[in-house]
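First residue of the sequence shown: 724, per this note's numbering; consecutive thereafter. C-beta atoms are modelled at their ideal positions from N, C-alpha and C, and glycine is treated no differently. Data first, discussion second: the structure below is written as structure tokens.
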Amino acid sequence: MRIARVSIPEVAGPVFGVVNGTSIDIIKGHPFSDLEFTGVNLDLEKVKILSPVLPSKIVCVGKNYADHAKELGGEVPAEPVIFIKPSTTVIGENDQIVLPTQSTNVHHEVELAVVISHLCKNVDVSRAGEVILGYTIANDVTARDLQNSDGQWTRAKSFDTFCPIGPWIETELDPTNLDLTCEVNGQVRQSGNTSEMVRTAHEMVAWISTVMTLLPGDVILTGTPAGVGPIVNGDIVEVTISGIGTLSNPVIKK
Ligand code: MG
Numbered sequence: 724m725r726i727a728r729v730s731i732p733e734v735a736g737p738v739f740g741v742v743n744g745t746s747i748d749i750i751k752g753h754p755f756s757d758l759e760f761t762g763v764n765l766d767l768e769k770v771k772i773l774s775p776v777l778p779s780k781i782v783c784v785g786k787n788y789a790d791h792a793k794e795l796g797g798e799v800p801a802e803p804v805i806f807i808k809p810s811t812t813v814i815g816e817n818d819q820i821v822l823p824t825q826s827t828n829v830h831h832e833v834e835l836a837v838v839i840s841h842l843c844k845n846v847d848v849s850r851a852g853e854v855i856l857g858y859t860i861a862n863d864v865t866a867r868d869l870q871n872s873d874g875q876w877t878r879a880k881s882f883d884t885f886c887p888i889g890p891w892i893e894t895e896l897d898p899t900n901l902d903l904t905c906e907v908n909g910q911v912r913q914s915g916n917t918s919e920m921v922r923t924a925h926e927m928v929a930w931i932s933t934v935m936t937l938l939p940g941d942v943i944l945t946g947t948p949a950g951v952g953p954i955v956n957g958d959i960v961e962v963t964i965s966g967i968g969t970l971s972n973p974v975i976k977k
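Structural data, given as structure tokens:
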């Protein structure tokens, strides 16, 4: 099942729905409890697709693919390295990634994103699937120059628009063997498979939940494969994961 959050002309404020092919069945309320359909079905072309969730926090795993750790000049860390992107970085399908004036080297990072379904803490890895609503696609946009010069990652990862998420949440998916790619203007920059992850999505949900309480709608970014590189004004960035779809965003410098 594919769950999207959309704005529609008939209703003030966003609504959730289930995407079936080229249309969407609108549900009542939110998708974190049993779904109740409204009976309203709309052509996807007539709605605006928003980010599928508004997370309270986005927890990101650094260096979770060995080839990417290597291209950054490091090894895979013995313990997972995590960081947070603020909720205000989130944008959705077709929204603009705005390049900040403080950076001259902003990079794309395609990542499998986990969407949490339940408030949870200290989740055993064998039960991680029970607190996962589904999976979506994210682009962990990063000001690489500031990541290096600052000595820590908060500013580099936190500019508004630096976390495109979407286009929807796929609820029935095995996260352990998915192809992920990033194309810029139709040219492939990153190509990997989630089987190359050092720690699985379920392992990271369990590990992160030993540190902090996870809330429904929270998003976990599971790391990026090798091939990260710059995006510049006028580019179109497309991040694709098999079984989910493609998330596309234009890049602008204001
Ligand atoms: Mg990343």
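Quick check: residue i and residue j, are their CB atoms within less than 9 Å of each other?
i: valine 907; j: proline 887; result: no
i: glutamate 834; j: asparagine 862; result: yes
i: isoleucine 820; j: valine 951; result: no
i: glycine 940; j: valine 776; result: yes
i: proline 948; j: asparagine 900; result: no
i: serine 730; j: leucine 773; result: yes
i: leucine 937; j: valine 848; result: no
i: aspartate 902; j: serine 914; result: yes
List the whole-angstrom C-beta distance separating residue i from residue j, where the pair is believed to meet the contact cut-off of C-beta under 8 Å.
i: valine 782; j: isoleucine 814; result: Between isoleucine 814 and valine 782 the Cβ distance is about 18 Å, and since that is not below 8 Å, they are no contact.
i: serine 826; j: leucine 795; result: Rounded, the Cβ-Cβ distance is 17 Å, inconsistent with contact.
i: histidine 987; j: proline 953; result: Outside the displayed span of the chain (724 to 977) sits residue 987, for which this structure offers no information.
i: threonine 859; j: alanine 836; result: 5 Å
i: aspartate 748; j: asparagine 972; result: Wrong, their Cβ atoms sit about 26 Å apart, outside the cutoff.
i: leucine 842; j: isoleucine 892; result: No, leucine 842 and isoleucine 892 are not in contact; Cβ-Cβ is about 18 Å, not under 8 Å.
i: valine 934; j: proline 778; result: So it is not a contact: roughly 16 Å between Cβ atoms.
i: alanine 929; j: valine 846; result: 5 Å
i: valine 741; j: isoleucine 726; result: 6 Å
Do residue i and the ligand MG come close, with the Cβ less than 8 Å from some heavy atom?
i: asparagine 895; result: The residue you asked about is not asparagine; residue 895 is glutamate in the sequence shown. Checking the Cβ of glutamate 895 against the ligand MG gives no.
What residue range is occupied by the uninterrupted alpha helix (DSSP H) comprising residue i?
i: valine 928; result: 924-932
i: lysine 771; result: Careful: lysine 771 lies outside any alpha helix (DSSP H), inside the beta strand (DSSP E) at 771-773.
i: asparagine 871; result: 867-873
Would you mind reading off the limits of the beta strand (DSSP E) that contains residue i?
i: alanine 836; result: 833-839
i: alanine 861; result: 855-862
i: asparagine 900; result: Unbroken run through asparagine 900: none, as it is neither H nor E.
i: lysine 880; result: Looking at the DSSP string, lysine 880 is not in any beta strand (DSSP E); the run it does join, the alpha helix (DSSP H), is 877-881.
i: aspartate 790; result: Segment 789-794 is the alpha helix (DSSP H) holding aspartate 790; no beta strand (DSSP E) there.
i: valine 782; result: 781-785
i: arginine 850; result: Taken as a continuous stretch (DSSP letters only), arginine 850 belongs to no beta strand (DSSP E), as it is neither H nor E.
i: lysine 808; result: 804-808
i: serine 914; result: 910-916
i: valine 921; result: It is not in any beta strand (DSSP E) - valine 921 carries neither H nor E in the DSSP assignment.
i: asparagine 972; result: 968-976
How would the residue list near the ligand MG read, in chain order, if you kept each one whose beta-carbon is closer than 5 Å to any heavy atom? Residues lining the ligand MG by the Cβ criterion, that is a Cβ closer than 5 Å to any of its heavy atoms, are Glu832, Asp863 and Thr947 in chain order.
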